[in-house]
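Chains as they are written, first to last, in full-length UniProt numbering: chain A, 1 to 209; chain B, 1 to 209.
Have a look at this one:
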């Protein structure tokens, strides 16, 4: 079989990808949300994100304002942290935290018979700064955020709630959408560290472009 | 709406997830390949991986042998590196390399009017050790691996070829499947850093369990 490669300049690969995505969208999408939706589609080559992403009222303006004011991002995996454009975030004063591998988080989880993801959210809630949460893996992290918000122990600037999987994933996302908090959620089972990083970066690139 | 959480012990969440995946498989799958297929489905909550994953002859035995003999893993993103269980790999003597952020790779890419992914494969080809490549993002990395193999400049133990996207992604995977090299490839557009890490870990856990 003869395989024909498309000739695209290195700097143009991303633009060309977004053109293809644009041309294959199943229907029109909101222009303010489009960069987020298209970057989620891009990171998984999965057009399901066109319809499963849910946005709270005015979330983009709120999220961009938070980033401009120096909000930091807390993640539930090292992969999300690795995927976020930390140089862009730093321009606004924010940094990325992931507490999953911390010894005190491991001990807290063991002691409380809980998950590290849950304990890492407790640790994050102690940070005295504006926070965005980018959750790409653990529904238990999202459930703990819900509890902390309900108990008035945490007031996040934004929750990117896109854990992936089969146990309590669907439910954890529905819980977050019942909170009075700005959110971007991938309804259903789908999501992932890549999607959490992609949505974070889409917001950062809106401020750059 | 009342949201009911499933009560699952932290240590049992992964097992329960795999039970659910097993129960929803669209058809029977090969028992030796099952741990790889199921972990790919798990990482993206996407059953497309049941049918898009392609395996070269006897690839599992060859891959496990390579890991046991201390093969290292080269990735095309920091996210894949972050996602691989490095402690498990280290037990067998291997480590994970990602050259994407290296200054010499950036310079080489600029000089050659190429991508950093491509240059990072050239750098990896200089390593004098058995190598597994886990490519979750860049088709240009996969295309460069194809060229290096065709030129007898590289003989990988295994290529995990699961870049994601829209420009030359489909083609790059077909090229690898034409090489005389052990491969695990996600045919089509889908894949990602999460999938590359999941397949790597599935192999590592076969040796652990």
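Built from N, CA and C at the ideal position, the CB exists for glycine as well.
Find the residues of chain B that neighbour residue i, judging by a C-beta separation of less than 7 Å, and give them in chain order.
i	result
residue 144 of chain A	Residues of chain B passing the Cβ test: none, with the nearest at roughly 12 Å.
residue 161 of chain A	Correct list: empty, because the minimum Cβ distance to chain B is about 13 Å.
residue 13 of chain A	167
In chain A, which residues lie with their C-beta within 7 Å of the C-beta of residue i?
i	result
residue 21 of chain B	166
residue 189 of chain B	45
Give the DSSP-derived three-state secondary structure of residue i in the structure shown.
i	result
residue 99 of chain B	coil
residue 5 of chain A	coil
residue 104 of chain A	helix
residue 209 of chain B	coil
residue 17 of chain B	helix
residue 26 of chain A	coil
residue 31 of chain A	coil
residue 114 of chain A	coil
Residues of chain B with a CB under 9 Å from the CB of residue i: which are they?
i	result
residue 102 of chain A	Residues of chain B passing the Cβ test: none, with the nearest at roughly 15 Å.
residue 16 of chain A	166 and 167
Could you tell me which chain B residues have their CB closer than 8 Å to the CB of residue i, listed as they occur along the chain?
i	result
residue 8 of chain A	167 and 168
residue 193 of chain A	79, 83, 193 and 194
residue 4 of chain A	171
residue 114 of chain A	10
Quiz item: Quick one: complete beta strand (DSSP E) runs, 3+ long, within the segment 128-204 of chain A?
Solution: 131-135, 158-161 and 183-186
Quiz item: If you pair each beta-carbon of the segment 197-206 of chain B with each one of the segment 34-45 of chain B, do three or more pairs fall below 8 Å?
Solution: yes
Practice problem: Quick one: which unbroken beta strand (DSSP E) runs of 3-plus residues sit fully inside the segment 41-95 of chain B? Chain order, please. | Solution: 53-55 and 72-75
Quiz item: Name the residues in the segment 56-79 of chain A whose C-beta lies less than 7 Å from a C-beta of chain B; which are they?
Solution: Within the segment 56-79 of chain A, the qualifying residues are 78 and 79.
Quiz item: Are there three or more Cβ pairs, one per stretch, closer than 8 Å when the segment 42-51 of chain B is compared with the segment 89-98 of chain B?
Solution: With a cut-off of 8 Å, the segment 89-98 of chain B and the segment 42-51 of chain B do not count as touching, because too few Cβ pairs lie within range.
Quiz item: Is it a yes or a no for the segment 20-27 of chain B touching the segment 107-119 of chain A, going by three-plus beta-carbon pairs under 8 Å?
Solution: Counting Cβ pairs under 8 Å, fewer than three are found: no touch.
Quiz item: Along the segment 172-185 of chain B, what residues have a CB closer than 7 Å to any CB found in chain A?
Solution: 174 and 175
Quiz prompt | Segment contact flag, the segment 10-23 of chain A with the segment 184-197 of chain B, C-beta cutoff 8 Å, min 3 pairs | solution = no
Quiz prompt | contact_flag[the segment 162-179 of chain B, the segment 137-151 of chain B] where n(CB pairs < 8 Å) is 3 or more | solution = yes
Quiz item: At a Cβ cut of 8 Å, what residues of the segment 35-51 of chain A count as close to chain B, listed as they run along the chain?
Solution: Going along the segment 35-51 of chain A in chain order, one finds 42, 43, 44, 45 and 46 with a Cβ nearer than 8 Å to chain B.
Quiz item: Are the segment 152-160 of chain B and the segment 117-131 of chain B touching by the rule of at least three beta carbon pairs closer than 8 Å?
Solution: yes
Quiz item: Is the number of C-beta pairs between the segment 95-110 of chain B and the segment 161-168 of chain B that are closer than 8 Å three or more?
Solution: Result no; under three Cβ-Cβ pairs closer than 8 Å.
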